[in-house]
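Asks: Input: one structure, supplied below.
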Amino acid sequence: MSRRGQHLAADPHYQMSRSQEKLEQQQAIVQQLRLEASLGRLPVSRCIEELKAHCLQHQTRDILITGFADQKENPFAKGKNKACVIL
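For the sequence shown, this note's numbering gives the first residue as 10, with consecutive numbering after it.
The following block contains the structure:
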């Protein structure tokens, strides 16, 4: 440890500020964990049903399902210029 490091480690104000910083970090973690614990939970089966319903409801606008009406719109089409374009 350098002389400066030894000096700082021996300084009670430095030790208090370090312990205060650690305490604040731990309090923030506890607060986040309490927030996460208070969130409502849903069964996976219900989430799956809601996701399926959403996909079916929006499938006409989903390019992954319907594809591109015109291949010119497809940025991944073969032979397409792959250069980055900044507008």
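Where a beta carbon is used, it is the ideal one built from N, C-alpha and C, also for glycine.
Using the C-alpha atoms, what's the distance from Gln80 back to Lys31?
Replies: 56 Å
Asks: Measure the C-alpha to C-alpha separation of Ile72 and Cys56 and round it to an integer number of angstroms.
Replies: 23 Å
Asks: Let me make sure I understand the geometry here. Which of Lys61, Ser47 and Ala46 has the alpha-carbon closest to that of Val53?
Replies: Ranking Lys61, Ser47 and Ala46 by Cα distance to Val53 puts Lys61 first.
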